[in-house]
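All letters in the sequence shown, in the order written, are residues -19 to -1, 1 to 159 by mature numbering (1 follows the signal peptide of the UniProt record, and there is no 0). Worksheet for the structure shown next.
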Amino acid sequence: MRKLSFLIWMLLAIGSASAAIYKWTDSSGAVHFSDQPHQGAEKIEIPEAQSYSSPPSQQSSSEESGDEDDEAKKEYKKIEITQPQNEATIRNNQGYVPVIASVSPELKSGDKLQIVFDGAPLGEPKDSTIFALNNVYRGTHTIAVQIVDESGKVVKSSEPVTIHMHRPRVGMVPGTRR
């Protein structure tokens, strides 16, 4: 949809760029411009619009396949949880824990991140490095992040991070009373 909208605007701009422009002054001395000729109007010459065409790509098919091989060989150097920090104490009545992971180099096409909470995968793998854990109960928990490929095989795992969840009052939020 964005491409279609852009194309329409470009066609309108091209059409208006080639239209003649006329200038005239009315009886009160106000200057007017129009694309329609008016009595006593003079035609204004507009210089050609500046344009640029990029040269065609010189890349051969053998070079393109080489790029794909490089990506296939690319290994992950680092995966870690940057937030929360290890041994962090989190005080949140709703049990909300934001988790931010860092991957270097960036995820390859088809690879996703899986969050592991207390040793078990939580939710579906996703492309984002930001996770939200909700309704985490009181106590000590471990969090890790794994890179999984398209087949679901674990490619690399982060070191686990230990957190301590403190929920000051369990009954403060409706529906959380235990």
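Quick reminder that beta carbons are idealized off the backbone N, C-alpha and C, glycines included.
Sequence-distant residues of its chain with Cβ nearer than 8 Å to residue i (five each side left out)
i: Glu44; result: Only weak support is given to the placement of Glu44: the predicted model assigns it a pLDDT of 48, under 50, and the question is left unresolved by the model.
Residues of its chain near residue i, where Cβ-Cβ distance is below 7 Å and the 5 sequence neighbours each way are ignored
i: Asp50; result: With a pLDDT of only 48 at Asp50, under the threshold of 50, the placement of this residue in the model should not be trusted, and no figure is reported.
Residue i vs residue j beta-carbon contact at 8 Å
i: Pro65; j: Ile144; result: yes
i: Ile81; j: Ile60; result: no
i: Pro141; j: Thr123; result: yes
i: residue 192; j: Ile27; result: Summary: the structure shown does not reach residue 192, with the chain confined to residues -19 through 159, and so no result is reported for it.
Spatial neighbours of residue i in its chain, beta-carbon cut-off 6 Å, leaving aside the 5 residues before and after
i: Asp92; result: Ile128 and Asp130
i: Glu68; result: Thr143
Which residues DSSP lists as bridging residue i, in chain order
i: Tyr3; result: Ser15 and Lys24
i: Lys59; result: Ser85
i: Ser138; result: Gln127
i: Gln66; result: None, per the DSSP bridge assignment.
C-alpha distance - residue i paired with residue j, whole-angstrom precision
i: Ser85; j: Lys137; result: 11 Å
i: Arg(-18); j: Pro79; result: 33 Å
i: Gln75; j: Ile62; result: 22 Å
i: Gly104; j: Lys58; result: 25 Å
i: Gly133; j: Gly120; result: 30 Å
i: Ser(-15); j: Pro37; result: 25 Å
The ligand GTP heavy atom lying under 7 Å from the CB of residue i
i: Phe14; result: The model depicted lacks the ligand GTP and carries no ligand whatsoever.
Legend entry - Any beta strand (DSSP E) of 3 or more consecutive residues that is wholly inside the stretch 69 to 136: 69 to 72, 78 to 85, 93 to 98, 101 to 107, 111 to 114 and 120 to 129
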